[in-house]
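Step one of this worksheet: look at the structure below.
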Amino acid sequence: MRNTVVYKYILTFILLIIGYVLFALISWCLPDVRIQKKIKESIEMGDIEKDYPRAIVNKEICRMDNYTDAIILNQSYNMTLMSPLTSIMLNPSKGDVTSNVASLQAVVDDVDQPVNTYARYWHGSTFLMRFLITFIGRYANVRLFFYYVSSLLMLLLLVLLLKYSLWEIMLSLTAGFLFLQGYVTQFSIQFFPVIIITICGSIMTIIYRNAPKKLCLLFFVVGSLTAFFDLLTTPVLTIGIPLLIYLSNSKQDSISNNCRMLVVFSTTWVCGYGFTWMTKWALATFFTPVNVFKEAFSMATYRIGGDVFYVSDYNRFDAILANVQKMPVLPIVIIVTAIAICACVAFNKKDYKISLLYFVISIIPYLWYCILANHSYMHCWFTYRIQIITLTSFLMAEMSLVDWPLLKRKMFSNN
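Here the sequence shown is numbered in the numbering used here, starting from -7 and rising by one per residue.
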């Protein structure tokens, strides 16, 4: 039985890798004429104005990442500079990396620029972008597509949570998404994949909520998809939110069984995520002249090492603090205090154990910040959003400590 399960995961992983390579190769084969024309139109029409504009509100927490979106468009424009396999492994672009929007402008103006490669990521978002530009058109249209799709899928998720009486996580997740500016992710190819994978993974978790074996495979696939599409933005969202949905549905199970399943699901996600990353490094090293393994491990050491060259006396706690400071303190304190008062008035003894597990999940972002301290500090303006997990799980933990029927009776007992 155990061998059968192992073979199932190995086969799934092989099929995923084959699927990624085929997806990338098909995107390489898409007609450059239309893609380059639409990217030129995007630049001419001002669809991508500057490296770091603000979305809706002129605050740092609403900062968008046109800098990276410009890299993705640049790669989409120059995908066929190399042979198919070499190109999808090295992901070529042109220009000076100090300003990717300016480099993209130079690319469409046919200014001679050096060729750059970016091999350590899979760059699934670049391959996806070529499809989207081919069939949807300008970058502005693609942004609207991101907004419509993510909004509709989020609405579907919330409806399903309500349908299955998982109202605690429905309210908590909505609060987390709003207070940590989740809407900013709806307008950028850099941020969009993680949000969509998170939402779709959450929907599938609801569908397979009573099928642990299928959920194990789902978490493995979700971890792999995250590694393929994401450029190290907020990847743990794709595990944290589905874990909370699973717990919300299985709160009546024993604490030992819930703990065991959390460990199993987390392990399968980490395996899918980690093995997919390493497979890219291996394939790129094997099929190209570049030692991508050496480059990737060098960068991983830098990101994990914790040092930030422009900050003296820096430590890992600074990475945590930089991200925590991005959270809107006042509204969160008001809500947390209000729920705490409700818990004091009508305490729910029955669900205090599940609340402990919610608190455990709430620390996932801070473990991530500690592990990738350098990256989390330097990019705290977007990595802070993985605290959607923290806020959602903390609110769920609090609400599970409230006996809501008892609170209702106490509030209306004089009527």
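Built from N, CA and C at the ideal position, the CB exists for glycine as well.
query                                                                                                       : result
Close Cβ partners of Thr109 (< 6 angstroms) along its chain, the five nearest in sequence each way excluded : Leu82, Pro84
Simplified DSSP state of Arg377, which is helix, strand or coil                                             : helix
Residue range of the unbroken alpha helix (DSSP H) whose run includes Arg295                                : 284 to 297
Test item: CB-CB of Met37 and Ala47 under 9 angstroms                                                       : no
Lys42 burial status per 10 Å Cβ neighbour count (16 or more: buried)                                        : exposed
Residue span of the alpha helix (DSSP H) that contains Asp24, given as start and end                        : 24 to 36
C-alpha distance - Glu52 paired with Arg201, whole-angstrom precision                                       : 38 angstroms
Reference Thr293, options Tyr69, Ile363, Ser405, closest by Cα                                              : Ile363
Within 9 angstroms, strictly: CB atoms of Thr169 and Ile380                                                 : The displayed chain sequence assigns Phe, not Thr, to residue 169. It is a contact, given that the beta carbons lie within the stated cut-off.
Assumed close pair Thr226, Tyr265 - CB separation to whole angstroms, cut-off 8 angstroms                   : Not a contact, Cβ separation roughly 13 angstroms.
Through-space distance from Trp396 to Pro45, alpha-carbon basis                                             : 44 angstroms
Opening and closing residue of the alpha helix (DSSP H) in which Glu41 lies                                 : Unbroken run through Glu41: none, as it is neither H nor E.
C-alpha distance - Leu96 paired with Met253, whole-angstrom precision                                       : 47 angstroms
Candidates Leu65, Ser75, Ile63, of which the one nearest Cys21 by Cα                                        : Ser75
In DSSP terms, what Asn108 is bridged to                                                                    : Ser85
Val103 in three-state terms, based on DSSP                                                                  : coil
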